[in-house]
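One structure is given here, and the rest of the page talks about it.
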Amino acid sequence: MGIDKFFKITERGSTVKTELLGGLTTFLTMAYIIVVNPAILAFAGFPEGPTTVATILAAVLGCLLMGLYANRPIAVAPYMGENAFIAFGLAAMGIGWQQRLGAVFISGLAFLALSVFRLRPWLANSISPSLKYSFAAGIGLFLTFIGLYQVGIVTSAAKGMPVDALQVHGSSLLGAPPVPLKIGDWHDPKVLLAIFGFIVTCALLDRKVKGAVLIGIVLTSVIGVAMGYGEAPTGVFAMPFTGEYTLEPIFLKLDVVSALQVSFLPILVTLFLMSFLDTLATLIGVGAAGDMLDEKGNFEDIEKPMVVDAISCVSSSLIGTSTSGAFIESAAGIREGARTGFATVITALLFFASLFFLPLVTPFQKLSYAYAPALMAVGILMLHSLKKIDMDDLTEAVPAISTIALMIFTYNTANGLTAGLVLFVLMKIASGRWKELNSGSYVLAAMCLVYFFFGLPH
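Heads up: take any position in the sequence shown, counting from 1, add 64, and you land on my numbering.
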């Protein structure tokens, strides 16, 4: 059987050349994940070299599965948002990266069960559209804040300031005013470099330049290293799975037993819902770009891509990285005409080839002024969901906005997501509109209440 017939290239109105171009375009738009994902996970104690290899392997396996099994031009790699939750959202709980991978594994199994037993419609209908959009927007704002903070554009108000200075001018009723943040040191050249990188990245995105985020990272890094802020790559080629690029420190090192404790329930619920909703939103988004939706706006044969994403979640935890899933950047390849899984296979092969050029990549992971603008830009793109929140219906708006606010102001996406699910049910009941709820809404709210009573760090 030839490539054309296996992938139904001609049948879907495409050509091999078009699929090749689409696969290349998708790779260029999402290759930044090779730099950014290990840099984020390093904050949770993940070793950078092995995590870089794991990131690439997760993308290779996910893309191959999506291309060969689902036959869709949708690339798969470790998610932005989920990696931030793993690294920063769980920091206060004092758990190791092994336990965090265990949670990814279990949530992936739950996602797989949902897909295999076709329970997706039941769960999807349990969460209102406004709440779904608030999850995406909140995670986007969370990523933006991480970028701003890591590079020093904003910083802690207490940094370098006597404690007494924060307690002045207090109110007799409200106490001392909270001053958690302040503007950073804009005399620091690295802060200015980050601002430059952010503007360049956003401008390139606006001009729809292929690989805009990657170009922004590389350009800012080159300028920064030339100014003496960081080290240039010391090599070009290296054999993967050797030396600092071995997988041994993280491969199959997940701790599943610890992740089965009751205190991990909110983590599991959050990871599961983030994966599920990210996948659902991405499939619908790229499906619309590639005429893959039916007349009712549903993704045709959605179960196969959902199964692929679920398997990718599980395999990522085994390899040693955070949750993987369908990337919205796949829309770039689809706009170039990609319509089949052959394009995704090409993307997988390009990711695999990058394994041999890791010395070019790893220096960028230590340059926060280079990757922070990418976090900020990607986060702002995710805020596009805000305009879809129904602000005229307070039973929708209150849970949605509360979700976003608590994600940011508690520096924990799980707090916001779980609070939103509980508030959604409470608002509907208090407004006498409980008939708009289904059994899934109550189940999710009950699980989230367990989090607030037993899972919150004290």
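By construction, the Cβ of each residue, glycine as well, lies at the ideal position given by its N, Cα and C atoms. For clarity, every value in this text was computed on a predicted model and none was experimentally measured.
query                                                                                                               : result
Same chain only: Cβ atoms within 7 angstroms of residue 528, ignoring 5 sequence neighbours per side                : The structure shown does not extend to residue 528, since the chain is modelled only from 65 to 522, so the question has no answer here.
Bridge partner(s) assigned by DSSP for residue 246                                                                  : 219
The beta strand (DSSP E) enclosing residue 326, as first and last residue numbers                                   : Residue 326 -> no beta strand (DSSP E), and no H or E assigned at all.
Beta-carbon proximity check, residue 420 vs residue 330, cutoff 8 angstroms                                         : no
Bridge-paired residues (DSSP) for residue 142                                                                       : 388
Cβ neighbours of residue 368 in the same chain (closer than 7 angstroms, five flanking residues each side left out) : 133 and 134
Residue 31 and residue 77 closer than 8 angstroms at C-beta                                                         : There is simply no residue 31 to check, as the chain begins at 65 and stops at 522 in what is shown.
Residue 161: first and last residue of the uninterrupted alpha helix (DSSP H) it sits in                            : 161–180
Three-state class that DSSP yields for residue 473 in the structure shown                                           : helix
Inter-stretch contact (C-beta, 8 angstroms, three-pair minimum) for the region 106–122 and the region 438–449       : no
Neighbour-count burial assignment, residue 161, 16 or more Cβ in a 10 Å radius                                      : buried
Straight-line Cα distance separating residue 327 from residue 403                                                   : 44 angstroms
Reference residue 117; option with closest CA among 308, 148, 244 and 322                                           : 308
Proximity of residue 44 and residue 343 at Cβ, strictly below 8 angstroms                                           : As shown, the chain starts at 65 and ends at 522. That puts residue 44 outside it, with no answer to give.
CA-to-CA distance, residue 492 to residue 374, given in whole angstroms                                             : 31 angstroms
Touch test, the region 278–289 against the region 451–458, Cβ-Cβ under 8 angstroms, three pairs minimum             : no
Buried/exposed call for residue 485, threshold 16 Cβ in 10 Å                                                        : buried
Candidates 347, 405 and 124, of which the one nearest residue 370 by Cα                                             : 347
CA-to-CA distance, residue 183 to residue 300, given in whole angstroms                                             : 47 angstroms
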